[in-house]
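Protein chains in written order, with the working numbering: chain A, 1 to 275; chain B, 1 to 361. From the three backbone atoms N, C-alpha and C, an ideal C-beta is built for every residue, glycine too. As the structure is a computational prediction, the values presented were derived from the model and not from experiment.
Shown next, in the form of structure tokens:
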């Protein structure tokens, strides 16, 4: 009788094995992206250039007015930098976020379900978005250009990037996995993504009433950029810890939603390949 | 799970079931709508749903080291069953145990011990060479480095894919890709491998090569093989036992040898005469007949050939042959079995009453 490779005596813990998988995908996807070197560089620099155009827009706005609520030019650049870096981080690590609805509908989850890894993490990490490197680079450079380079502040910004990236990613992901429950939800998923991006790019003071409630609940742009800005300007460990807890709460919620939806997965017979 | 771990008994042989399925059912809820825009609006306001039974109350066992053919026409429920066995789909009802594990609850543990090749779905990355996909799969299956290198050397040699390992998958032919796919599915030494139409779209030479490889891995590593295929050649050459399902239910479960023996009611007789004759034998079915000119020493003459089917349950074969011999000068006569393909087609298209009989047998 043949003997399966696993379980082996030195089997790593579930968390370690999944972190290793994440690292393996990261290397693998980078290699895959570089298969087309020209396209890779064009996408990265193209995205950074595209984002830069908005700096000019805000520079013109702030040349005419000093503040929008509590937000001056530097604050707006902070939320732009963080939104961009978080978006980039989320799409580098979880490159399949905006493909999940299609993957569910076309029965492509099969390949992930057949592998001995957590389906949610496996499906999200198995691809990377090349242009997201441009978003991440743009966010980090913009932050340093506007706020200067102080190691402590930069480290804090990087921490925000990771957790806001997770939060932003899990909201988009939740929009995508509605497909399990409602069928074809491509339009809703796109809308959720648009909302997340739009709400994180304007000063908090422009949002009032219901929208204000929305940015601290369903589309938590408040926790993605506005609260980090407040913590950045007036740092407290408690506030940072609470923010991270809230972020992880959202992540856990979206993971549960996915597990619930998976029971309703119907697979399919489309002829597909991994690209 | 309520299965008892006990050895089974088939044809006097003791066997240990490696896959056990009982009362397995899968239902899908599908939205139905009338045609046209009006129907779309109605469906939007008052959606109607239909419950489709893809698999209904099926049960079977698979022996360790066995090569089993799991067959059925399109839409019979084959893929749905495989997907439940591998943990992709949740069953609506019933019990499954694969290698003593419940695929729904122990999906990850089971994935370490099974391999899958879906002819219509690739597990290799399209833009990268197989060696990169293999490396990533080693990470996914947590194969230690040294073991991985030895395993790749063995498989690359076995499947003769040395020269393909560094070519991006998109540039491989279908046959080359399938060889790489099967090799990839064996990296982690699975105990059971599910092959869903592995020879689909392949030419005859490559098909034969894939069959030889399947047999080899079954013999060398005693891998249990659960094969679905529409290609009768795959079934005849590889499998000892066949399960046929139709309309979501098992209609036949027996050895390929018995399948031929029990369902070979018909014999096909091809006969050739030196001159045209009229075959009028009651109870036979004339499949084909043809008169044609031939150049003979005495000048041109007409010959006659016919192909007939005899139902041996109703007709005595010797009696029919004697009658044929008496009709004229026979130049050639051959008697052959009904092709397995036709037997399977007959089972697929059989009336429900026949299905019931077949199940009983």
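Assigned secondary structure, residue i (DSSP; H/G/I helix, E/B strand, else coil)
i	result
residue 344 of chain B	helix
residue 211 of chain B	helix
residue 266 of chain A	coil
residue 92 of chain B	coil
residue 116 of chain B	strand
residue 130 of chain A	coil
residue 301 of chain B	strand
residue 61 of chain A	helix
residue 58 of chain B	strand
residue 280 of chain B	coil
residue 23 of chain B	strand
residue 64 of chain B	coil
residue 311 of chain B	strand
residue 13 of chain A	coil
residue 230 of chain A	helix
residue 69 of chain B	strand
residue 202 of chain A	coil
residue 226 of chain B	strand
residue 141 of chain B	coil
residue 133 of chain B	helix
residue 336 of chain B	strand
residue 173 of chain B	coil
residue 178 of chain A	coil
residue 115 of chain A	coil
residue 196 of chain B	strand
residue 124 of chain B	strand
residue 185 of chain B	helix
residue 31 of chain B	strand
Exposure of residue i, with buried meaning 16 or more beta-carbon neighbours within 10 Å
i	result
residue 352 of chain B	Since pLDDT at residue 352 of chain B reaches only 43, below the 50 mark, its modelled position is unreliable, and no value is offered.
residue 218 of chain A	exposed
residue 157 of chain B	exposed
residue 219 of chain B	exposed
residue 75 of chain B	exposed
residue 206 of chain A	exposed
residue 151 of chain A	exposed
residue 354 of chain B	Unreliable positioning characterises residue 354 of chain B in this predicted model, as indicated by a pLDDT of 36, which lies under 50. A coordinate reading is not provided.
residue 15 of chain A	exposed
residue 154 of chain B	exposed
residue 198 of chain B	buried
residue 180 of chain B	buried
residue 220 of chain A	buried
residue 105 of chain B	exposed
residue 164 of chain B	buried
residue 294 of chain B	exposed
residue 30 of chain B	exposed
residue 80 of chain A	buried
residue 176 of chain B	buried
Which listed residue (the options) has its alpha carbon closest to that of residue i
i	options	result
residue 139 of chain A	A:231, A:51, A:245	A:51
residue 55 of chain B	B:227, B:25, B:66	B:25
residue 55 of chain A	A:141, A:108, A:69, A:31	A:141
residue 266 of chain A	A:189, A:107, A:223	A:107
residue 93 of chain B	B:130, B:70, B:53, B:68	B:53
residue 228 of chain B	B:57, B:211, B:131	B:211
residue 165 of chain A	A:28, A:190, A:200	A:200
residue 115 of chain A	B:311, B:57, B:43, B:87	B:87
residue 258 of chain B	B:321, B:29, B:343, B:215	B:343
residue 136 of chain A	A:157, A:124, A:38, A:196	A:157
Pull out every residue of the region 24-57 of chain B whose Cβ sits closer than 8 Å to any Cβ of chain E, in chain order. This model lacks chain E altogether, as its protein chains are A and B.
Residues in the region 117-137 of chain A with C-beta within 7 Å of chain B's C-beta atoms, listed in sequence order? Answer set for the region 117-137 of chain A: 117.
Are the region 109-122 of chain B and the region 184-198 of chain B in contact at 8 Å, needing three or more beta carbon pairs? yes
When you compare the region 194-205 of chain B with the region 39-50 of chain B, are there three or more beta-carbon pairs, one atom per stretch, that lie closer than 8 Å? no
Short-range partners of chain A found in the region 119-132 of chain B, where Cβ spacing is below 8 Å: 120, 121, 122, 123, 124, 125, 126, 127, 128, 132
Counting Cβ pairs closer than 8 Å, one from the region 231-244 of chain A and one from the region 178-185 of chain A, do we hit at least three? They do not touch, by the three-pair rule.
Does the region 237-257 of chain B come into contact with the region 266-276 of chain B, if we say contact requires no fewer than three beta-carbon pairs (one atom in each stretch) closer than 8 Å? no
Any 3 or more C-beta pairs closer than 8 Å across the region 145-154 of chain A and the region 117-137 of chain B: no
What are the residues in the region 13-34 of chain A lying within 8 Å of chain B by C-beta distance? Cβ contacts with chain B come from 17, 20, 21, 24, 25, 28, 31, 32.
Below 9 Å between beta carbons is the criterion; list the residues of the region 245-270 of chain A that meet it against any residue of chain B, in chain order. 262, 263, 264, 265, 266, 267, 269, 270
Touch test, the region 164-183 of chain A against the region 91-106 of chain A, Cβ-Cβ under 8 Å, three pairs minimum: Yes: at least three Cβ pairs fall under 8 Å.
Segment contact flag, the region 72-90 of chain B with the region 242-261 of chain B, C-beta cutoff 8 Å, min 3 pairs: yes
With contact counted as at least three CB pairs below 8 Å, one residue from each stretch, are the region 120-128 of chain B and the region 13-24 of chain A in contact? no
Is the region 129-137 of chain A in contact with the region 77-89 of chain A, if contact means three or more CB pairs nearer than 8 Å? yes
Three CB pairs or more closer than 8 Å across the region 59-67 of chain A and the region 106-126 of chain A: no
Contacting positions in the region 78-91 of chain B - beta carbon closer than 7 Å to chain A: 79, 83, 86, 87, 88, 89, 90
Which of the residues in the region 81-105 of chain A, read from start to end, lie with their CB under 7 Å from any CB of chain B? Residues passing the 7 Å Cβ filter: none.
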